[in-house]
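Heads up, the thing below is written out as structure tokens.
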Amino acid sequence: MRIRSALSVTAATAAAALMLSGCVAGEGSATQAEAPAAGATAADDGWSTDTLNIDFATYNPLSLIIKEQGWLEETLGDDVTVTWVQSAGSNKANEALRAGAVDVGSTAGSAALLARANGSPIRTVSVYTQPEWSAIVVPADSEIDSVEDLAGRSVAATKGTDPYFFLLQSLEEHGVALGDVEVQNLQHADGRVALENGSVDAWAGLDPIMADTEVNAGSKLIYRNIDFNSYGFLNAREQFLEESPDVAQVVVDAYEKARAWALENPEETAQILADVAGIDLAIAEKVILERTVIDLDPVPGDAQRAVLEVVGPIFVESGDVSSQDQIDDALEVLLDDTFASQADPSTIAE
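Laid out in structure tokens, this is it:
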């Protein structure tokens, strides 16, 4: 079995990026933190910080590999204490970044844009995957079989995450007003429980929880659209990038080592996900092998900006962001190509 290649599923996105955006990758780079030269390790006087707080998440398989392999700890050595914090969703990762609880956190691209537009000082330093991690899910015995059928129904979704934005885009595309749907703001795992016990009629789901309810509860995906799923963004606090660019580069280098490892070891990657998420291996394989594009360019740029330019106005219309000016300002500074463009996985210790 092979992990899906970005070539087949992202061609349309890439083409759209060329048409929708004339901006170069990392626009606004004059204000971006300057990373050390490729291959740089500790300076003569040691690393720039003695702590690194970083998240891991079941929706970010590369983070699971890095944590399991212990590469950051081996590379940074005893001088830097690495603390791993689990993110239950993009909204939780954004909360941790804004509070300074983590230096680096993984979110959906849409969630990163929302956070930046609302004042969170973060930058996207790498793209970890392009997942098809969200869809509209209904119970096995539901009579709902289209997005149009959601009018007058209750739908669980975690606000501030890609599944919520997937729901907004799906409703808009099918002519259903947001006000015609009762959105219950539940964290992803709670949304799944509400779906299965009948507390809601539908759920804007997130893998691997979504794949689990498909297999074990017979839940049905009534609407899928990979173009409504934004990329997986690896984000860092601006202060961290300014004060510790050497350690930030190590993190991005480790992500590229994890990418190569995942592509060479897809079954092992699925097993790691199964172990961390507490799900069956078959479910993890569905997520990794069928719904996640890992083989892609990690440098944030035109393709990601094109997706965000579509999502941004929806934020304004839904009231999640006050004005389009905030969206435009965020897009000018969010994507930072400095670190991923010079990533060197050979600098990471085994």
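With mature numbering (1 follows the signal peptide of the UniProt record, and there is no 0) applied, the sequence shown covers -25 to -1, 1 to 325.
The beta carbon of each residue, even a glycine, is placed where N, CA and C say it ideally should be.
- Taken atom to atom, the span from the alpha-carbon of Ala76 to that of Asn28 is near 7 Å.
- Gly287 sits in a helix when the DSSP states are folded into three classes.
- Note on Gly287: 16 or more other CB atoms within 10 angstroms of its CB, so buried under the neighbour-count rule.
- Beyond the five residues adjoining it in sequence on each side, Thr50 comes within less than 6 Å, by CB distance, of Val225, Ile323, Ala324 in the same chain, given in chain order.
- Its chain contains Ser129, Val130, Ala131, Gln159, Ala169 as the residues whose beta carbon lies nearer than 7 Å to that of Val175, once the 5 sequence neighbours on both sides are disregarded; these appear in chain order.
- Secondary-structure assignment with DSSP links Gln61 through a beta bridge to Phe31.
- Scanning Leu264, Ala229, Gly253 for the CA closest to the CA of Glu242 turns up Leu264.
- Taking the Cβ atoms as the reference, Ala86 lies roughly 12 Å from Val296, outside the contact range of under 8 Å.
- Relative to the Cα of Val251, the nearest Cα in the group Ser38, Gly21, Thr24, Ser23 belongs to Ser38.
- The beta carbons of Asp221 and Ser81 sit about 21 Å from each other, so the pair does not count as a contact at 8 Å.
- CA-CA distance, Asp54 to Glu43, rounds to 20 Å.
- Its Cα nearest to that of Ile41, the residue Val227 stands out among Val308, Thr99, Val227.
- For Phe208, the enclosing beta strand (DSSP E) has its first and last residue at 207 to 212.
- Apart from sequence neighbours up to five positions away, the residues of its chain that approach Ser95 with a beta-carbon distance below 7 Å are Asn69, Leu72, Arg73, ordered along the chain.
- For the pair Ala305 and Asn210, the Cα-to-Cα distance works out to about 13 Å.
- DSSP places Asn200 outside both helix and strand once states are collapsed to three, so it counts as coil.
- When the five nearest sequence neighbours on each side are left out, the beta carbons in the same chain lying within less than 6 Å of the beta carbon of Thr267 are those of Thr104, Pro106, in order along the chain.
- Glu292 counts as exposed, since fewer than 16 other beta carbons sit within 10 angstroms of its beta carbon.
- For Leu264, no beta strand (DSSP E) segment is defined, and its DSSP state is neither H nor E.
- Annotation for Arg199: Ala110 place their beta carbon closer than 6 Å to its own, counting only its chain and skipping 5 residues before and after.
- Taken atom to atom, the span from the alpha-carbon of Leu146 to that of Pro183 is near 23 Å.
- The closest CA to that of Ser205, considering only Glu260, Thr136, Trp46, Ala259, is found on Thr136.
- The three-state secondary structure of Trp236, taken from DSSP, is helix.
- DSSP, read as helix, strand or coil, puts Leu248 in helix.
- The alpha-carbon of Ile258 is positioned some 12 Å away from that of Ile247.
- Check the Cα spacing between Tyr230 and each of Thr26, Ser219, Gly45, Gly21: the tightest is with Gly45.
- The DSSP-derived three-state label of Glu107 is coil.
- Within the DSSP secondary-structure output, Leu181 pairs in a beta bridge with Ser109.
- Contact annotation: Thr26 and Thr58 have beta-carbon atoms nearer than 8 Å.
- Residues of the same chain with a CB within less than 6 Å of the CB of Ser101, apart from the 5 flanking positions on each side, are Leu209, Val227, Tyr230, Pro273, Ala315 in chain order.
- One Cα belongs to Arg167, the other to Asn240, and the distance between them is close to 30 Å.
- Under the three-state reduction of DSSP output, Asp187 falls in the helix class.
- Selection Asp30, Glu48, Thr56 evaluated against Lys67 yields Asp30 as nearest (Cα-Cα).
- With a contact defined as Cβ atoms closer than 8 Å, Lys195 and Val112 qualify at about 7 Å.
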